[in-house]
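Notes to accompany the following structure.
There are 2 protein chains.
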Amino acid sequence: MRIGQLARSIGVDTQTIRFYEREGLLPPPDRQDNGYRVYTERHVERLAFIRRCRILELSLAEIHELQRYQGAPHQPCRAINTLLDDHIAHVRSRIIDLQVLEKQLVSLRASCNDDREIEACGVLEGLSEGNMQQ
Amino acid sequence: MRIGQLARSIGVDTQTIRFYEREGLLPPPDRQDNGYRVYTERHVERLAFIRRCRILELSLAEIHELQRYQGAPHQPCRAINTLLDDHIAHVRSRIIDLQVLEKQLVSLRASCNDDREIEACGVLEGLSEGNMQQ
DNA sequence: TCAAAACCATATAGCCACTATAAGGTCAAT
DNA sequence: ATTGACCTTATAGTGGCTATATGGTTTTGA
Chain A
1 MRIGQLARSI
11 GVDTQTIRFY
21 EREGLLPPPD
31 RQDNGYRVYT
41 ERHVERLAFI
51 RRCRILELSL
61 AEIHELQRYQ
71 GAPHQPCRAI
81 NTLLDDHIAH
91 VRSRIIDLQV
101 LEKQLVSLRA
111 SCNDDREIEA
121 CGVLEGLSEG
131 NMQQ
Chain B
1 MRIGQLARSI
11 GVDTQTIRFY
21 EREGLLPPPD
31 RQDNGYRVYT
41 ERHVERLAFI
51 RRCRILELSL
61 AEIHELQRYQ
71 GAPHQPCRAI
81 NTLLDDHIAH
91 VRSRIIDLQV
101 LEKQLVSLRA
111 SCNDDREIEA
121 CGVLEGLSEG
131 NMQQ
C-alpha cells in the first residue's frame with residue numbers, strides 16, 4: 001500500500017503521514033526501488049491509533065508516551081490512566097475558562113446596540129476602559 | 001517611560017511589546033539618543049487595550065480590525081458588534097466541542113481501573129479499537 | 001505512442017502568539 | 001574598574017499541521 005492509499009483510507013493528508021514519520025510516531029516503512037513508501041496493515045492500525053488519539057485532542061507527546069507503554073505490555077497500566085485523568089482535567093479546566101470568557105463577552109456585547117456611531121459604541125468603550133475583572 | 005517600565009505596568013514581557021510593534025498593533029515610539037524606546041501615556045492605553053482584547057481571546061487580526069474602527073469614529077458601529085458576535089459564536093462552539101470531548105474521555109476512562117497490566121488496559125484497548133464515534 | 005494527469009519524493013516556509021536564546025551596547029552605583 | 005540592571009537587534013523554537021516549489025515516476029487514455 002502506498003502513501004496515497006493509506007492517506008485516503010484513514011482520512012489524512014499524505015503530508016501528515018510523512019510528518020508523523022519524521023516525528024517518530026509512525027515507523028519508517030520499506031521503500032520500493034523508486035523510493036516510494038510501502039505500508040503494511042500494521043501501519044494502518046498505527047495511524048488509526050494516532051488519529052483516534054488526536055480526535056480526543058491528545059498531544060503528539062502524549063501519543064508518543066502511550067506508544068511507549070504499548071511496548072511494555074506487562075507493566076501496570078496506572079500511568080495510562082493518569083495520563084487520561086490529566087487530560088480530562090485539562091479539558092475541564094479549559095471548558096470553565098471558556099464559560100467565564102463567554103459570560104464576559106456576552107456582558108460586553110449587551111452594552112451596545114447596532115445603531116450607534118463608533119465613538120459611542122459600548123463594546124469599544126468596554127474594551128477601552130479599565131473596569132474589566134482579571 | 002522606557003520599555004521595562006511599560007512592560008511592568010501592564011504585566012507583559014518587553015519582547016511582547018516589541019512584537020506588537022512589529023505587528024503594527026503598537027505605534028513605534030520615539031527613541032532616545034541611545035536608541036532606547038520612549039513611551040507615552042497613549043502607548044500605555046493602547047497596550048492596555050490590546051491586553052484586554054487578548055484576555056477575551058480576540059486574535060491579533062481582530063484587534064487590528066478594532067483599531068481601524070477606532071480611527072473612524074463617525075462610522076456606524078455595527079461591524080464591531082458583528083465582530084464580537086462572531087467571537088462569541090466561536091467560543092460557544094468550542095465549549096460544545098470540548099463538552100463532547102469530555103464525555104468521550106470520561107467514558108473511555110471508565111473502561112479501566114488502575115490495577116491492570118498494560119496488555120489488558122481498557123483505555124488503551126478503547127484507543128486501539130475502531131468503535132469510536134466520529 | 002505520446003502527452004496529460006495523477007502520483008510520489010524532498011526541502012522549505014507559513015500559520016498563531018508569543019517565548020527563548022545569543023550577542024552585544026548603555027548606564028548608574030559601588 | 002567592574003558589576004548588574006537595563007536596553008538593542010537578530011534568529012530560532014513552540015505545536016500540529018498545511019502550503020508551496022521543484023522534480024521524478026507511473027498510469028491513463030486519445
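Keeping their order, the protein sequence lines are chains A and B.
Each residue of the first sequence is one higher than the last, beginning at 1 in the UniProt record's numbering.
Each residue of the second sequence is one higher than the last, beginning at 1 in the UniProt record's numbering.
Every residue, glycine too, gets a C-beta built ideally from N, C-alpha and C.
As the structure is a computational prediction, the values presented were derived from the model and not from experiment.
In chain B, which residues lie less than 7 Å from residue i when you measure between Cβ atoms?
i, result
"residue 128 of chain A", "49"
"residue 8 of chain A", "Under the 7 Å cutoff, chain B gives no residues; its nearest Cβ is about 16 Å from residue 8 of chain A."
"residue 144 of chain A", "Residue 144 of chain A lies beyond the range of chain A shown here (1 to 134); nothing can be said about it."
Quick one, which of the options has its alpha-carbon nearest residue i's?
i, options, result
"residue 41 of chain B", "B:1, B:128 and B:84", "B:1"
"residue 47 of chain A", "A:112, A:38 and A:17", "A:17"
"residue 113 of chain B", "A:76, A:66 and A:64", "A:76"
"residue 79 of chain B", "B:91, B:105, B:92 and B:63", "B:63"
"residue 19 of chain A", "A:45, A:55, A:50 and A:110", "A:50"
"residue 25 of chain B", "B:105, B:43, B:124 and B:122", "B:43"
"residue 119 of chain A", "B:66, B:102, B:97 and B:36", "B:66"
"residue 93 of chain B", "A:127, A:73, A:102 and A:126", "A:102"
"residue 108 of chain A", "A:28, A:125 and A:22", "A:125"
"residue 87 of chain A", "A:23, A:30, A:36 and A:59", "A:59"
"residue 128 of chain B", "A:56, A:34 and A:35", "A:56"
If the cut is a Cβ gap below 7 Å, which residues of chain A does residue i touch?
i, result
"residue 87 of chain B", "105"
"residue 56 of chain B", "101, 104 and 105"
"residue 119 of chain B", "73 and 74"
"residue 94 of chain B", "98"
Mind listing the chain A neighbours of residue i? Cutoff is C-beta to C-beta under 8 Å, in chain order.
i, result
"residue 124 of chain B", "66, 69, 70, 77 and 80"
"residue 91 of chain B", "98, 101, 102 and 105"
Which bits of chain B does residue i rub up against, with CB to CB less than 8 Å?
i, result
"residue 114 of chain A", "76, 77, 78 and 81"
Contact set between the stretch 62-85 of chain A and chain B, restricted to residues whose Cβ is under 8 Å from the partner:
Taking a C-beta cut-off of 8 Å against chain B, the contacting residues of the stretch 62-85 of chain A are 66, 69, 70, 72, 73, 74, 75, 76, 77, 78, 80, 81, 84 and 85, listed in chain order.
Report task. Pick out the complete alpha helix (DSSP H) segments inside the stretch 58-128 of chain A, 4 residues or longer, and give them in chain order. Result -> The qualifying runs are 60-70, 78-109 and 122-128.
Short-range partners of chain A found in the stretch 97-111 of chain B, where Cβ spacing is below 8 Å:
Of all residues in the stretch 97-111 of chain B, the ones placed with a Cβ closer than 8 Å to any Cβ belonging to chain A are 98, 99, 101, 102, 104, 105, 106, 108 and 109, in chain order.
In chain order, which alpha helix (DSSP H) runs of at least 4 residues are fully inside the UniProt domain "HTH merR-type" (1-69) of chain B? For the UniProt domain "HTH merR-type" (1-69) of chain B, whole alpha helix (DSSP H) runs of length 4 or above, ordered along the chain, are 3-10, 14-22 and 41-55.
Near-chain B residues of the stretch 23-44 of chain A - C-beta to any C-beta below 9 Å
Correct list: empty, as no residue qualifies.
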